[in-house]
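Engineer: Here the sequence shown stands for residues 1 to 154, where the numbers follow the UniProt record's numbering.
Even glycine gets a Cβ: it sits at the ideal position worked out from N, Cα and C.
Keep in mind that this is a model prediction, so the values were computed, not measured.
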Amino acid sequence: MDDTDFVVMAWRELLARHAQVSCALDRELGDKHGLGVSEFEVLDRMAEARSCGDDTAKFKFRVQELADQVHLSQSAMSRLIARLEREGLVARAMCADDRRGVFVQITEEGLRRQAEAAPTHRAVLSSELSPHLANVRCLENEDERSDSAPVLSA
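#1: If you drop the 5 nearest sequence neighbours on each side, which residues of the same chain put their C-beta closer than 7 Å to that of E87?
#2: Using only the alpha-carbon positions, how far apart do residue 176 and L133 sit?
#3: Cβ atoms of F59 and A67: under 8 Å apart, would you say?
#4: Under the three-state reduction of DSSP, which class applies to M77: helix, strand or coil?
#5: Please classify V8 as buried or exposed, where buried requires at least 16 other C-beta atoms within 10 Å of its C-beta.
#6: In angstroms, rounded to a whole number, what distance separates the CA positions of D31 and D2?
#7: Whose CA, out of H33, R92, T107 and E85, lies closest to the CA of E116?
#8: In three-state terms, what does DSSP make of M1?
#9: Pick out whichever of A118, Q64, C23 and L72 has its Cα sitting closest to the Cα of L43.
#10: Would A123 pass as a contact of Q105 if the rule is Cβ separation under 8 Å?
#11: Among the residues of its own chain, which have a CB less than 8 Å from the CB of R83, if the five just before and after it don't count?
#12: Which of helix, strand or coil does DSSP assign to S153?
#13: Closest to S75 by CA distance: which of E85, V63 and Q69 is it?
#14: Between which residues of its own chain and V102 is the CB-CB distance below 8 Å, once the five residues before and five after are set aside?
As structure tokens, this is what we get:
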């Protein structure tokens, strides 16, 4: 197998793993919490930013900023934000500096739903990815050993 064949095989494995994990997340988050993967990711990113300090500017996100973080187009993100807003999980606010700009903030209900769904999300990631991360951990441990190994000079 040459390098190109190996890269193609690795790409296909990555796509298969992504599809497997995404389907498992969609099923569990949808069944248990009424959230899709992208909806949860948006809430999770917003909740995480909110927990990282007391700067209220961190609580507000531009739609494009969120779209970039969760890898959606701006139009897909706008539709997702509209769904979350209808459910009371986020609120939109106009940007004081740029009247065309819109900020999105997570609501208390959004924080509650994210907190309820986070253990399900983490459990699915753990069950789906842990068997495959053993090789990554082995490589990581090898890197740590080689970094800390004494260097012999001639």
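Structural biologist: In short, the structure shows the following:
#1: Same-chain partners within the cutoff: there are none.
#2: The question about residue 176 has no answer, for the chain in this structure spans 1 to 154.
#3: No, the Cβ-Cβ distance between A67 and F59 is not below 8 Å.
#4: The answer is helix: DSSP assigns M77 an H, G or I state.
#5: V8 should be labelled exposed.
#6: The alpha-carbon atoms of D31 and D2 are separated by roughly 44 Å.
#7: Out of H33, R92, T107 and E85, H33 has the C-alpha closest to the C-alpha of E116.
#8: Here M1 sits in coil by DSSP.
#9: Of the listed residues, the one whose Cα sits closest to L43 is A118.
#10: Contact flag unset, no.
#11: Beyond the five residues adjoining it in sequence on each side, R83 comes within less than 8 Å, by CB distance, of E39 in the same chain, given in chain order.
#12: Because S153 carries a pLDDT of 34, less than 50, the predicted location of this residue cannot be relied on, and no value is offered for it.
#13: Checked all of E85, V63 and Q69; the closest Cα to S75 is V63.
#14: R62, V63, R92, A93, M94 and C95, listed in sequence order.
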